[in-house]
Amino acid sequence: MGTQKTSFRQTLRSRLLVRAFITFMVCGGVLLLFLPIINRTLKGFNERSTYYIERAKEAEGTTIARLLVLELSDFRELLQVSPGPLTPAEQPVIDLLWQKVTFNTALQGIELIQRQRDAEGRHVTFLFYLNPPGGKPMRGPQKVAKEFTGLEGELIAGINRWQRVDKKLLGTINYGAKKEGEMLLRYFPVHVLVPGEGPVYWGVAKIGINTAWARRTLAEELQGQEQLRRAVNGQLILILAIAALLFLMMIYPWVRRLTRPLDKLVAAVNDLETIQPQDYPLWLENIRQLNPMGQSEVLTLKKGLLRLGTTIPKLGRRLVSGESQACLGKMMGRHLPILQDYCTRLQALESQVAGQGELPAGLRQERQELMAKLQTLVQDLLRIWPADKAVWRRLDPTLGLESAWRLATSNLPAGVQLSLDLKTLPEVWGSPAALPLAVLYLVDALAPELDPGDRLRLSAATAPTGGVLIAIEAAGERLAASDWQEQLNPWQSDGEVRECWGPALAAALAAQHGGSLQVRSKGGEVIFSLELPPAGGPYES
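All residue numbers for the sequence shown refer to my numbering, where the first residue is 293 and numbers rise by one.
So, in structure tokens, the structure goes:
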């Protein structure tokens, strides 16, 4: 069987791909709109960082430059400086350096260390500290003799010896906390400009640079980085939220609209489990009116359901007709020998009547009983044998139930306990031939599961709704309510369905008459309850 080729443009997959691509482009456009904002933020952060770096470089460079350009010319007396009181020659140097220290707020202090040492190994040192550690701000410079030990002494000795700074020692001394406080220390050789002699090496300048501004700069830079991080994170979260919102706003309605026909088809398939026979034409009409919205998959499924929907009633009618014929055929097969036996015995009695003219009393009694049994059997068969066109009318179901009960229980195993309890029943609307078939179907389905000693009971009474309530109760070891529950509706069965269609056909007949058939377990018994509404109008068209 050939299959029709489906165009890719008409498939649900192609539509979803197109919608996803459009959504991706829209979301990508939104992301691109936020890129200038992010670039502007990053540019501001870069400019701010550059500003702080230039500020730091400028401050340190200015400090060092101001110290190196000190004009110490014409101070030949510095070459002969020694510990003791300040001399008039030293006062201009002190005033000049003190002015430099107080002018540059980036400096914490300066020490001028004379390269020569006295007998005790001390250097003559001019101290210029604005805020010495552990004390109050100084009012002016001091001249002291100071001895240096450890790495700092080695560094000063190296500078005095080679007039340069050893990088290894400089790195050891210039990093970490110092006794002078939290300062950044720098060491420089100091040369005095002597007229006629040029620059003459005098000693070492120990410079303490105030690091408070550096700490503030670092704190501000870290704060700026944190603000940038928060701003970028916030913008990214906002971008993702807007993108997700746009995705939901654009994709969800499209997908919902595209999958609406599929949802309706799924709902229609689910309705097959609970749909009643009288509602089946409406279910089929809903399938016909379903709009596939140009989707080839939905159109294919719709055609398949329509074919299935038009085939199920035909199969159902054939199944009901065939099963009823098979059930009646089996019943006739069981009762045909009985009819033949009755007829043979009656013919024998009639032959005796023709030969003798009159039968004895015992044979007359036997002849009357055979005639009554034959008449009852024929009447029972006529009540349940369906005509070509069943007649629907108001009827009393008592006679039909009795006939179906007698026919169904005539071939049960010996020892099965039978019980019949029929109350006065109200009239119902239905087919005189179809209603007894429901009982015949149920009893015929239960018969193979009954063993000697099991119980089977048929009762009928007025239902609380005013109709008729027919109950068939069976008790036996091989009976299970779950097995029969699956037979009522094969659509709801997930396992293997038994080949017995009696309960399903009985349920169909009950629904055809506006009633229902239920099965439940009570005290180890299986109870089929068939309820019919009171006679109020036709249910079969």
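By construction, the Cβ of each residue, glycine as well, lies at the ideal position given by its N, Cα and C atoms. These numbers come from a predicted model, not from an experiment.
> For the putative contact between residue 496 and residue 479, defined by C-beta atoms under 8 Å, what is the C-beta separation to the nearest angstrom?
Replying inline: About 6 Å separates the two Cβ atoms, so the contact holds.
> Hey, quick one: how far does the beta strand (DSSP E) through residue 821 stretch, first residue to last?
Replying inline: Residue range 817–824 is occupied by the beta strand (DSSP E) that includes residue 821.
> Is residue 413 helix, strand or coil by DSSP?
Replying inline: Here residue 413 sits in coil by DSSP.
> Taking the C-alpha atoms as reference points, what is the distance between residue 584 and residue 551?
Replying inline: If you draw a straight line from the Cα of residue 584 to the Cα of residue 551, it is about 10 Å long.
> Mapping DSSP to helix, strand and coil, what is residue 481?
Replying inline: DSSP, read as helix, strand or coil, puts residue 481 in strand.
>> Can you tell me whether residue 709 is helix, strand or coil according to DSSP?
In response: Looking at residue 709 - three-state DSSP - the assignment turns out to be strand.
>> What does the alpha-carbon distance come out to for the pair residue 713 and residue 803?
In response: A direct Cα-Cα distance of roughly 24 Å separates residue 713 from residue 803.
> What first and last residue would you give for the alpha helix (DSSP H) that runs through residue 695?
Replying inline: First-last of the alpha helix (DSSP H) with residue 695: 690–701.
> Does the separation of the CB atoms of residue 732 and residue 696 fall below 9 Å?
Replying inline: Yes, they are a contact pair.
> Got a sec, what are the start and stop residues for the alpha helix (DSSP H) residue 580 sits in?
Replying inline: First-last of the alpha helix (DSSP H) with residue 580: 572–580.
>> Within a Cβ cutoff of 6 Å, which residues of the same chain sit near residue 738, ignoring the five residues on either side of it in sequence?
In response: Result list for residue 738: 766, in chain order.
> Using DSSP with H/G/I as helix, E/B as strand and the rest coil, what is residue 441?
Replying inline: Of the three classes helix, strand and coil, the one that applies to residue 441 here is coil, per DSSP.
> To which residues of the same chain is residue 818 closer than 7 Å at the C-beta, ignoring the five residues directly before and after it?
Replying inline: If we look at residue 818 and ignore the five residues flanking it on each side, its Cβ neighbours are 766, 771, 773, 776 and 811.
> Hey, how far is the Cα of residue 762 from the Cα of residue 724?
Replying inline: If I take the Cα positions, the gap works out to 15 Å.
> Do you know offhand how far residue 472's Cα is from residue 332's?
Replying inline: Low per-residue confidence applies at residue 472: pLDDT is 49, beneath 50, and the placement is therefore not dependable, though the value from the model is reported in the following sentence. If you take the alpha carbons of residue 472 and residue 332, they lie about 44 Å apart.
> Contact check, residue 557 vs residue 597 under 8 Å by CB: the rounded distance?
Replying inline: Confirmed, Cβ separation roughly 7 Å.
> If you draw a straight line from the C-alpha of residue 310 to the C-alpha of residue 581, how long is it?
Replying inline: Taking the CA atoms as reference points, residue 310 sits about 27 Å from residue 581.
>> On the DSSP bridge list, what partners appear for residue 600?
In response: Note: residue 600 sits in no beta bridge, so no partner.
> Taking the alpha-carbon positions, what's the residue 322 to residue 543 distance?
Replying inline: When only Cα atoms are considered, residue 322 and residue 543 end up about 16 Å apart.
>> Taking contact to mean 3 or more Cβ pairs, one atom from each stretch, closer than 8 Å, check whether the stretch 437–452 and the stretch 411–418 are in contact.
In response: Flag = yes, the stretch 437–452 and the stretch 411–418 touch.
> Based on the DSSP secondary-structure assignment, which residues constitute the bridge partners of residue 721?
Replying inline: Note: residue 721 sits in a beta bridge opposite 686.
>> Tell me which residues share the same chain as residue 623 and place their Cβ nearer than 6 Å to its Cβ, disregarding the 5 neighbours each side in the sequence.
In response: Only 699 meet the Cβ criterion.
>> Within a Cβ cutoff of 8 Å, which residues of the same chain sit near residue 706, ignoring the five residues on either side of it in sequence?
In response: Cβ-Cβ distances below 8 Å link residue 706 to 744 in the same chain, with the five nearest sequence neighbours on each side left out; the list follows chain order.
> Under a three-way DSSP split, which group does residue 373 fall into?
Replying inline: Note: residue 373 maps to coil in three-state DSSP.
> On the three-state DSSP scale, how would you describe residue 763?
Replying inline: Judged by DSSP in its simplified three-state form, residue 763 adopts strand.
> Taking residue 319 as the reference, which of 540, 661, 641 and 589 has the closest Cα?
Replying inline: Comparing alpha carbon positions, the residue from 540, 661, 641 and 589 closest to residue 319 is 540.
> Thinking C-beta only, is residue 720 closer than 9 Å to residue 760?
Replying inline: Taking C-beta atoms as the reference points, residue 760 and residue 720 count as a pair closer than 9 Å.
>> Using a 10 Å radius around the Cβ and a threshold of 16 neighbouring Cβ atoms, would you call residue 820 buried or exposed?
In response: That one is buried.
> Exposed or buried, which one is residue 400 when buried takes at least 16 other CB atoms within 10 Å?
Replying inline: Counting Cβ neighbours within 10 Å, residue 400 comes out buried, since at least 16 surround it.
> Do you know how far the Cα of residue 672 is from the Cα of residue 634?
Replying inline: The straight-line gap from Cα to Cα measures roughly 15 Å.
> Helix, strand or coil for residue 811 per DSSP?
Replying inline: DSSP places residue 811 in strand when its eight states are reduced to three.
>> Using the Cβ count rule (16 or more neighbours within 10 Å means buried), how would you classify residue 614?
In response: That one is exposed.
>> On the DSSP letters alone, give me the boundaries of the beta strand (DSSP E) that residue 754 sits inside.
In response: Per DSSP, residue 754 is one residue of the beta strand (DSSP E) stretching across 747–754.
> Buried or exposed: residue 823, going by 16 or more other Cβ atoms within 10 Å of its Cβ?
Replying inline: It counts as buried.
> Got a sec, what are the start and stop residues for the alpha helix (DSSP H) residue 797 sits in?
Replying inline: Per DSSP, residue 797 belongs to the alpha helix (DSSP H) from 794–804.
> Is it right to say residue 361 is buried, meaning 16 or more other beta carbons lie within 10 angstroms of its own, or is it exposed?
Replying inline: No answer about residue 361 holds up, because its pLDDT of 49 lies below 50 and its placement is not dependable.
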